[in-house]
Amino acid sequence: MCWVIGTPDCRRCNMFILYRVIMPRVVDHAQRRREIVYALWAVIHERGIDGVTFQAVAAAGGVSIGRIQHYFDSKEHLIRTGAEYMVAEAEKRYERAESDPRAALVALLAQPVPTDEAGRLGVSVWYAYLAKSASDPWIRAFLEESTRGTREEARRLLEELGMPPEKAAEVATRLVALSNGVTQAVLVGVTEPPDGIALITDEIARTTT
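Residue 37 is where the sequence shown starts when you use the working numbering, and the numbers rise one by one after that.
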């Protein structure tokens with residue numbers, strides 16, 4: 037009788053032991069990093085960037101400080117990775133699914149407007165980074181590059197709609213500023229999400245027709 041699995045077939049027992057003892061556990065490192073970043077965002081949402089510590093992130097994520105230090109060698113590394121993840125996820129959500137450039141422009145500029153609690157948390161974290169950019173050169177440069185990328189995509193879509201390049205650059209700057217203003221107004225409760233998105237949609241229609 038096999039003492040491990042209760043059968044007389046010891047070959048199965050040996051295979052079981054081989055799997056449990058010799059075969060390594062498969063660890064999804066990307067998923068672990070992502071979970072730590074999500075915990076970071078929760079801390080930033082509650083305490084701001086200056087309130088970030090490894091201890092706070094570990095508590096929010098239910099992980100050990102050692103695990104965080106395994107993936108991030110400093111608090112600054114973790115905070116910067118959090119900013120990079122925000123932009124990467126926003127780009128993934130956009131990914132220009134719309135073939136019509138006008139619809140794609142609406143999707144691009146309405147995307148930041150928070151329509152649920154998850155969206156409000158994301159925007160509040162983004163604004164925490166924005167506030168910190170006043171004293172952190174890396175964050176300031178990163179947000180500048182991200183904003184420039186949004187403006188360039190808006191300009192490109194406007195040119196697809198037949199707008200001359202010089203005018204498209206000017207209008208893109210204005211529309212991105214409108215998107216930022218609407219997002220802030222919705223975040224603080226001055227404007228309801230559907231009204232804010234309608235304002236962006238109407239302004240795009242007015243500008244491109």
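Idealized CB from N, CA, C, for every residue including glycine.
Taking the beta carbon of residue i as the centre, do at least 16 other beta carbons fall within 10 Å, making it buried, or is it exposed?
| i | result |
| --- | --- |
| Val-226 | exposed |
| Gly-185 | exposed |
| Gly-232 | buried |
| Ser-110 | exposed |
| Ala-170 | exposed |
| Ala-164 | buried |
Could you tell me the alpha carbon to alpha carbon distance between residue i and residue j, rounded to whole angstroms?
| i | j | result |
| --- | --- | --- |
| His-106 | Val-73 | 13 Å |
| Met-199 | Gly-155 | 32 Å |
| Met-59 | Val-79 | Below a pLDDT of 50, predicted positions are generally treated as unreliable, and Met-59, at 49, falls in that range; the measurement from the model is reported next regardless. Cα-Cα distance, rounded: 37 Å. |
| Asp-64 | Ser-160 | 29 Å |
| Phe-178 | Lys-128 | 18 Å |
| Ala-234 | Arg-242 | 12 Å |
| Lys-203 | Leu-197 | 12 Å |
| Val-123 | Glu-206 | 23 Å |
| Leu-114 | Thr-245 | 45 Å |
| Pro-229 | Ala-95 | 32 Å |
| Pro-137 | Trp-174 | 33 Å |
| Thr-219 | Val-99 | 33 Å |
| Val-149 | Glu-181 | 20 Å |
Report yes if the CB atom of residue i is closer than 7 Å to the CB atom of residue j, and no otherwise.
| i | j | result |
| --- | --- | --- |
| Glu-71 | Gly-97 | yes |
| Leu-144 | Tyr-130 | yes |
| Thr-209 | Arg-187 | yes |
| Ala-119 | Val-93 | no |
| Ile-240 | Leu-141 | yes |
| Leu-223 | Ala-190 | no |
| Ile-85 | Lys-168 | yes |
| His-81 | Leu-166 | no |
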